[in-house]
Every structure is written in C-alpha cells, then in structure tokens.
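First up is the structure itself, then whatever we jot down about it.
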Amino acid sequence: MNIHEYQGKEILKRYGVRIQEGIVAESPDKAVEAAKQIMAQTNSKFVVVKSQIHAGGRGKGKVQGSEQRGVALAKSVEDVRQISENLIGKVLVTHQTGPEGKKVNKVLVAQDVFYPGESEPKEMYLGILLDRSKACNVIMASTEGGMDIEEVAEKTPEKIVKEWIDPAVGLQAFQARKIAFGLGLQGEAFKEMVKFVTSLYKAYVDTDASMFEINPVLKTSDNKILAVDAKVNLDDNALYRHPDLANLRDITEEDPLEVEASSNDLNYVKLDGNVGCMVNGAGLAMATMDIIKLSGGEPANFLDVGGGANAKTVEAGFRIILKDPNVKAILINIFGGIVRCDRVATGVVEAYKAIGDIPVPIIVRLQGTNAAEGAKIIDESGLKVQSAVELKEAAEKVRAVVANL
Amino acid sequence: MSVLVNKNSKVIVQGFTGSEGSFHAQQMMEYGTNVVGGVTPGKGGQTHLDRPVFNTVRDAVEQTGADVSIIFVPPAFAADAIMEAADAGIQVIVCITEGIPTEDMVMAKNYLAGKTCRLIGPNCPGVMTAEECKVGIMPGFIFKKGTVGIVSKSGTLTYEAVDQLTKAGLGQTTAIGIGGDPIIGTTTKEAVELLMNDPETEAIVMIGEIGGGMEAEAARWIKADGNRKPVVGFIAGQTAPKGRRMGHAGAIVGGADDTAAAKMAIMRECGIHVVESPALIGETMLKALGKN
C-alpha cells in the first residue's frame with residue numbers, strides 16, 4: 042500500500058527520525074494558515090508547497106495547462122496562496138503519473154530547509170527495501186541525492202553504499218557507521234546520520250514496510266540530518282496487524298474500478314486496452330493478457346477471480362469489466378481443477394442473464410473437470426457467447442473478434 | 045525416482061481440521077497419497093478423516109514417522125508452522141498459504157538456513173509426482189506418468205501446462221509449484237536443478253512471471269550445466285505495466301531486468317525453448333524432444 046509523503050513523515054517522526062516539518066492543507070486558506078504558523082516557528086519568510094499525490098517526480102512535474110510545478114518555493118504568504126490555488130483541485134502530470142496525471146487534493150506546506158549557515162547543505166539518498174535474492178532487507182545510501190537511484194546504479198554504481206541486514210540480529214551499529222562514513226560525513230553530521238539510519242530502520246521493521254525511499258536526505262547548513270521527502274510502501278499482507286496504518290489508505294488515489302473490485306474480493310488492475318478478461322489464478326491471468334496481445338488486441342485489465350469462480354464472482358467481474366468504456370470484447374479463461382467447468386458455465390450464464398444484454402462479444406474458455414459439459418451449457422444457452430476448450434482455440438476466437446472491432 | 049515426493053512419502057497436514065486442510069487432505073488421500081495424520085494445536089488425541097490428530101509436529105513425527113508436511117494454516121500463523129515443521133525434522137515442507145507477511149517469511153527462511161529440510165512455497169499449488177503422490181491442491185486427473193518435469197510460480201498456469209503435455213502424449217515426473225511470493229523456500233534454479241539431476245526426468249517446463257531475478261538465475265545455471273535436457277520456458281506478464289502488482293505479491297516489475305521481455309531474452313540466450321504464447325507449451329515440448 043502506498044501512502045502520502047506527509048503520512049510517511051508522520052510515521053518517521055514517531056520513531057525519532059528528524060523530518061522537514063510541515064502541515065498538510067486541503068484548501069488555499071488552510072495552506073496560508075499553515076504557512077503563517079511555520080514561518081513563525083522557523084523565523085523565516087520561506088516555505089515549500091508540495092502537492093500530495095501517490096507518484097514521484099512532483100518537483101519536475103507540471104499542472105495540466107499551466108507552468109506550475111508540483112513542488113514550489115514560496116517566498117511570502119501571497120506566494121503560498123497563489124501556488125496552492127494553482128495546485129489544489131488541479132491535475133499534476135509527472136513522469137510517473139502518465140499523461141493523464143493525478144488530481145491534487147492536498148498540499149504539504151513545509152519548512153524551508155535550505156537555509157544558509159556554517160556549511161553547505163548537502164543532499165543524499167537513503168532507501169530500505171527487500172533484497173529478494175538474499176532474502177533479507179538492504180539499506181542503500183548514495184551521495185547523489187535528488188537523483189533517481191536506478192540511474193545512479195547504472196551510471197555510477199560506486200556511489201552507492203549497501204548494507205544487508207541479518208534478520209536474526211537486525212541492524213548493527215557498525216553498519217550504521219559504515220553508511221554514515223560511506224556518505225563522507227564527519228563530526229556532528231556523522232553522529233546525526235548514525236542516529237537517522239538506526240531510527241529509520243526501526244521504523245521500517247516495526248511498520249512492516251516494503252519500501253522506504255528518502256530522497257533527498259539533507260545535511261543542513263547547521264549539520265542536522267533530516268528527511269526532506271518520504272516515499273513509504275507498506276506490506277499489504279501485514280496490514281492486519283497495523284490497523285492504524287491500514288487507515289492511511291487514500292482511495293481517491295486509486296482507480297474507482299479497482300476500489301470496487303477490491304471491495305468484492307476481486308484482484309483487478311485496470312489497463313488501457315480493448316479486450317477485458319476474467320481468469321482464475323494470477324499467473325494464468327497474466328498469461329491470458331499476453332494471449333490477447335498476441336491475438337492482435339490489447340488487454341483492458343488484469344482480473345483474478347480466485348479459486349471459487351461461481352455465478353456471484355463472475356457477475357461482479359462482468360460488472361466491473363463492463364464499466365470500462367474501452368472494453369470491446371471479453372475473454373473468460375477458467376481452468377477448472379477442483380472447481381467443475383459445468384458449474385462455472387452455469388455461473389457465467391446466470392451472471393449474463395442477471396446483467397441483461399451485454400453489448401460486447403464474449404468468449405468463454407473452460408478447461409479442466411467436465412470441460413465438454415461446460416462448453417455445451419455455453420453453446421446451448423442461446424446467449425451471444427462463444428465457447429472454447431483449448432487455449433489455442435480461445436486465442437483464435439479472440440483474433441477473429443479483434444479483427445472485426 | 046521423481047523428486048521431492050513419491051509413493052513412500054509419509055505426509056502430515058498442518059491445519060488438518062480446518063476447512064481447507066480437511067478438503068485437500070481428503071483429495072490427496074483419494075489420489076493415493078499416504079497421509080499419516082495431521083496437526084491442529086489443542087486437538088491432539090482426536091481422529092479426523094480416519095487419521096490421528098496431534099498437538100505438535102514433533103508428536104506427529106515421533107508417532108507416524110512423517111517426513112513430508114503440507115501447511116494450510118492462515119497467513120498470520122503460517123511462518124510459525126513452517127519453522128515448527130523444520131524443528132521437528134520434516135524434510136519436505138510444502139506451504140500452500142497465500143498472504144504471509146514478507147517480514148515473517150524473511151525470518152522463517154533465515155531460520156531454515158543451514159537445516160537439511162526443503163521448503164516449497166509459500167503461496168503455491170504444491171508438489172505432485174504423477175500417479176504416485178500429491179502434496180498440494182493440483183487437480184490430479186490432468187496428470188499422467190511420464191518423463192517431463194515442471195517448475196512453476198503459478199497454480200492454474202501449471203495445470204494448463206500439464207494438461208497440454210498430457211494431451212500431447214507427454215506424461216510427467218514431478219510438478220513443483222514454487223510459489224508467487226517475493227520470498228520462497230525453493231528458487232526456480234533449485235527446482236530445475238532437482239529435475240536436471242533426476243534420472244527419470246528427460247525434459248523440463250519452466251514457467252515464470254514478472255518480478256525478481258530467479259528465472260534469469262535458473263537460465264544461466266542451465267547453460268553453465270551444459271543444457272543437459274531440453275527446457276521449454278514461458279514468462280507470464282509480457283503485457284504487465286511497470287510498478288503494478290499483478291495478483292501475486294512477487295509479480296511486480298521494478299526495473300529493466302525483471303520484465304518478461306528481459307527474462308525471455310536471457311532464457312533464449314541460455315538455450316531454453318521460449319514460447320511467447322502459453323498455448324504452445326505442449327507442442328513446443330514435442331518439437332524440443334523431436335517427437336512431432
């Protein structure tokens with residue numbers, strides 16, 4: 042599960058990780074109020090206004106139809122009002138949102154941390170994630186703050202410091218020191234970084250996170266270390282033991298069809314294509330999308346209806362797929378192992394009749410236990426549904442349907 | 045031969061008395077698997093499906109001589125069940141449970157390191173040796189005894205492959221469902237290696253999906269090992285967008301290396317017969333074996 046920057050920072054702060062302080066606001070008036078408060082606390086005229094969306098690249102991204110960036114420095118209260126008006130309720134396009142962009146509902150009004158002082162501020166990178174091949178967490182640090190870590194890894198891999206964490210004993214002090222030294226820090230900033238890394242890792246483990254990306258981590262001009270941004274991903278499978286974190290879900294950031302599907306216990310991901318699909322099992326669902334593409338169409342979605350494909354789940358699946366106006370055909374692909382194909386076929390027919398007339402061609406491929414009986418039920422239903430048994434046959438029928446779209 | 049499980053395997057079911065455990069234990073016994081008992085803490089001493097129930101895996105091992113365990117316990121308790129099985133000396137632990145927190149699996153995998161047991165899964169359909177022993181949830185009737193081994197991250201896609209093989213006249217040795225989670229007990233490479241070293245297995249089907257680097261690792265090992273047996277490979281998720289989790293917790297494209305296209309390219313370079321369409325697994329295997 043993704044959460045917003047301001048939510049991620051609240052979690053970090055709870056664990057003693059120093060953050061760029063800020064106040065979240067849902068309207069320009071509230072943003073102005075927040076800015077006044079922060080300006081008073083920091084004794085500065087400057088604040089940063091940051092749009093809160095579940096996508097990166099906000100600093101370089103622009104609001105649709107304007108030159109307003111997703112993150113902007115405000116040098117006065119009037120600036121704050123203007124920038125907030127330009128952002129809130131508008132659509133921000135970044136390299137991660139795709140051309141359709143994402144609507145900004147909130148801004149984070151944050152302190153200006155690049156204030157002048159005894160030394161030059163320095164931006165760095167810190168990330169924590171699972172190393173799948175080593176089956177343990179890894180902390181990655183880089184002196185190249187503000188840059189995409191994949192790019193750094195490709196062009197200058199020597200600038201990345203990695204520490205793998207032994208699950209039995211957790212992060213050790215020497216590892217935190219190696220990271221801080223590896224980032225070229227000394228004196229007060231070094232001590233601050235050791236504390237920062239230690240607290241950050243504790244937060245990661247305690248919240249069952251699946252990724253932390255702090256980019257940039259800043260050494261301020263007075264040698265403090267703080268998180269200027271916080272990208273936090275939480276493990277969906279562990280949310281049951283963190284009800285407070287589960288509440289941080291912001292469904293306005295998700296596709297409405299995906300939200301509806303998840304409330305029906307269906308695993309659905311919306312895509313941009315023209316052929317919808319409904320499948321049992323995640324691997325077969327991905328493979329079915331690939332077949333649609335190989336047959337000349339484009340998959341409109343991923344949809345795994347799970348093991349017990351019955352009339353109720355099939356009907357819910359149909360309703361969600363049909364709400365996508367781009368869908369011009371539907372392929373149902375069920376491999377009936379334990380579940381019998383004749384039952385699934387009856388379910389498909391019942392679901393079809395419950396919905397009424399479905400305006401797009403449907404191909405139902407049922408394979409496994411009682412496959413022939415299943416095909417017979419589909420063929421004799423009188424509905425505008427084509428049946429198939431072999432996967433190849435289904436692919437050919439999709440090809441014929443797509444050719445006529 | 046075959047690998048991991050055979051007609052001599054003595055199998056216990058953890059989560060025996062639950063609805064999933066009961067249903068699949070029954071199905072496994074009907075297939076001929078020697079289920080010698082089950083474990084449900086607090087229900088020790090009872091009898092379920094004509095088999096004894098034990099409080100702990102250790103009790104079950106001591107009293108039945110079980111060497112294989114299959115786990116159907118809910119996600120919150122599954123990692124604990126895996127470690128309990130390992131502690132009790134079970135040699136092959138098959139975990140079907142989907143949705144185990146990643147941190148729990150990091151701990152469990154670490155606990156297993158250095159022990160002699162092998163974990164299959166979690167989030168997998170289990171292991172099946174055709175016409176001998178089913179330790180999982182795969183539909184038995186699609187299998188036929190033969191010489192093709194299967195390694196797969198996915199459940200229903202495994203059934204698809206097996207069904208195509210059987211219809212092409214190619215029976216199977218063992219199908220290993222390794223699971224779709226980011227942390228699993230047995231990797232693609234380890235499962236392929238088991239089959240490569242099994243004298244009865246003449247060819248291998250290797251089914252992967254987007255996310256992680258296991259298929260590339262397996263492909264490189266196959267080549268380094270001298271391409272001893274023909275391997276037909278498929279990667280699901282050629283059309284999956286970056287950064288979106290496609291059902292399985294581990295099925296997510298992070299960088300350029302874990303896309304279907306990148307994995308398929310490496311597999312081709314390593315001499316694997318890669319199919320773009322999952323509908324062609326059976327006939328490609330026939331060709332690879334020179335039988336068409």
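Chains as they are written, first to last, in my numbering: chain A, 42 to 446; chain B, 45 to 336. Glycine included, every Cβ here is placed at the ideal spot set by N, Cα and C.
Under 9 Å from the C-beta of residue i: neighbouring residues of chain B
i, result
"A/Ser-174", "Thr-231, Gly-256, Gly-257, Met-258, Glu-261"
"A/Val-273", "Correct list: empty, because the minimum Cβ distance to chain B is about 15 Å."
Neighbouring residues, chain A, relative to residue i (Cβ below 9 Å)
i, result
"B/Leu-330", "Correct list: empty, because the minimum Cβ distance to chain A is about 14 Å."
"B/Glu-253", "Ala-323, Gly-324, Met-327, Ala-328"
"B/Ala-212", "Ordered by position in chain A, no residue passes the 9 Å Cβ test against B/Ala-212, which lies about 11 Å from the chain."
Nonlocal neighbours in the same chain, by C-beta distance under 6 Å from residue i, ignoring five residues either side
i, result
"A/Glu-67", "Lys-147"
"A/Cys-177", "Trp-205, Ile-206, Pro-208"
"B/Trp-265", "Lys-233"
"B/Gln-282", "Ala-304"
"A/Ile-44", "Val-273, Leu-289"
"A/Ser-251", "Asn-274, Asp-276"
Chain-order list of residues whose beta-carbon lies under 7 Å from that of residue i (same chain, five-residue window excluded)
i, result
"B/Cys-267", "Note on identity: in this sequence residue 267 of chain B is Lys, with Cys being the wrong assignment. Hits under 7 Å: Cys-314, Gly-315."
"B/Val-79", "Val-55, Val-57, Ala-69, Met-72, Met-73, Arg-95"
"B/Lys-159", "Ala-130"
"B/Tyr-75", "Lys-178, Gly-184"
"A/Glu-126", "Pro-69"
"A/Thr-248", "Ile-52, Leu-275, His-283, Leu-286"
"B/Val-297", "Ile-254, Gly-255, Ala-284, Lys-286, Gly-287, Thr-303"
"A/Gly-225", "Thr-184"
"B/Ser-46", "Thr-173, Glu-176, Thr-217, Thr-218, Asp-242, Glu-244"
"A/Arg-440", "Ser-336, Gly-337"
Beta-carbon neighbours of residue i, restricted to chain A and to distances below 8 Å
i, result
"B/His-292", "Ala-323, Gly-324"
"B/Val-276", "Residues of chain A passing the Cβ test: none, with the nearest at roughly 14 Å."
"B/Pro-166", "Per Cβ cutoff of 8 Å: no residues; B/Pro-166 is ~10 Å from chain A at best."
Interface partners of residue i on chain B, CB under 8 Å
i, result
"A/Asn-43", "None at all; the shortest Cβ gap to chain B is about 10 Å."
"A/Gly-409", "Pro-183, Ile-186, Tyr-203, Asp-207"
"A/Asp-276", "Pro-145, Thr-146, Glu-147"
"A/Ser-240", "Per Cβ cutoff of 8 Å: no residues; A/Ser-240 is ~18 Å from chain B at best."
Chain B residues whose Cβ lies nearer than 7 Å to that of residue i
i, result
"A/Glu-191", "Gly-299"
"A/Phe-376", "Thr-200, Tyr-203, Glu-204"
C-alpha distance - residue i paired with residue j, whole-angstrom precision
i, j, result
"A/Gln-61", "B/Thr-232", "44 Å"
"A/Asp-270", "A/Pro-257", "6 Å"
"B/Asn-99", "A/Ala-328", "42 Å"
"A/Val-58", "A/Lys-50", "9 Å"
"A/Phe-376", "A/Val-121", "57 Å"
"B/Lys-189", "B/Leu-209", "11 Å"
"B/Glu-142", "B/Met-240", "28 Å"
"A/Val-405", "A/Asn-315", "17 Å"
"A/Lys-447", "A/Ala-214", "Coverage of chain A is limited to positions 42 through 446, which leaves residue 447 of chain A absent and any answer about it impossible."
"A/Ala-268", "A/Phe-237", "9 Å"
"B/Gln-216", "B/Tyr-203", "12 Å"
"A/Pro-157", "A/Lys-243", "31 Å"
"A/Val-118", "A/Glu-108", "20 Å"
"A/Val-300", "B/Ile-325", "35 Å"
"B/Gly-81", "A/Lys-144", "57 Å"
"B/Cys-168", "B/Ile-144", "12 Å"
"A/Cys-382", "A/Pro-402", "20 Å"
"B/Ala-263", "A/Ala-444", "37 Å"
"B/Met-308", "A/Ile-332", "16 Å"
"B/His-317", "B/Val-206", "17 Å"
"A/Asn-321", "B/Leu-201", "10 Å"
"B/Asp-269", "A/Ala-323", "31 Å"
"A/Ala-341", "A/Val-210", "46 Å"
"B/Ala-132", "B/Phe-60", "17 Å"
Test: residue i CB closer than 8 Å to a CB of chain D
i, result
"A/Cys-382", "Chain labels in this structure do not include chain D; the protein chains are A and B."
Where the alpha helix (DSSP H) through residue i begins and ends
i, result
"B/Asn-50", "Premise fails: B/Asn-50 is in no alpha helix (DSSP H) and is neither H nor E."
"B/Ala-300", "It is not in any alpha helix (DSSP H) - B/Ala-300 carries neither H nor E in the DSSP assignment."
"A/Asp-383", "382-396"
Beta-carbon neighbours of residue i, restricted to chain A and to distances below 7 Å
i, result
"B/Thr-283", "Met-330, Asp-331, Lys-334, Pro-340"
"B/Arg-288", "Val-310"
"B/Lys-153", "Ala-176"
Endpoints, the beta strand (DSSP E) within which residue i is located
i, result
"A/Leu-275", "272-275"
"B/Phe-121", "From DSSP, B/Phe-121 is part of no beta strand (DSSP E) but of the alpha helix (DSSP H) over 119-131."
"A/Cys-177", "177-183"
Residue i: CB within 7 Å of a non-hydrogen atom of the ligand ZN
i, result
"A/Ile-292", "Only the bare structure without any ligand can be found here, which leaves the ligand ZN out of the picture."
_Under 8 Å: do the segment 380-397 of chain A and the segment 405-425 of chain A share three or more Cβ pairs, one atom per stretch?_
In this structure the segment 380-397 of chain A lies against the segment 405-425 of chain A, because at least three pairs of beta carbons, one per stretch, are closer than 8 Å.
*Evaluate the contact criterion for the segment 142-161 of chain B versus the segment 327-347 of chain A: three or more CB pairs, one atom per stretch, below 8 Å.*
Contact between the segment 142-161 of chain B and the segment 327-347 of chain A is absent, with fewer than three C-beta pairs closer than 8 Å.
_So, does the segment 142-160 of chain A touch the segment 71-78 of chain A, judging by three or more C-beta pairs under 8 Å?_
The segment 142-160 of chain A and the segment 71-78 of chain A touch, with no fewer than 3 CB-CB distances between them shorter than 8 Å.
*Check whether the segment 132-142 of chain A touches the segment 86-101 of chain A, counting contact only when three or more Cβ pairs, one atom from each stretch, lie closer than 8 Å.*
At 8 Å Cβ cutoff, the stretches touch.
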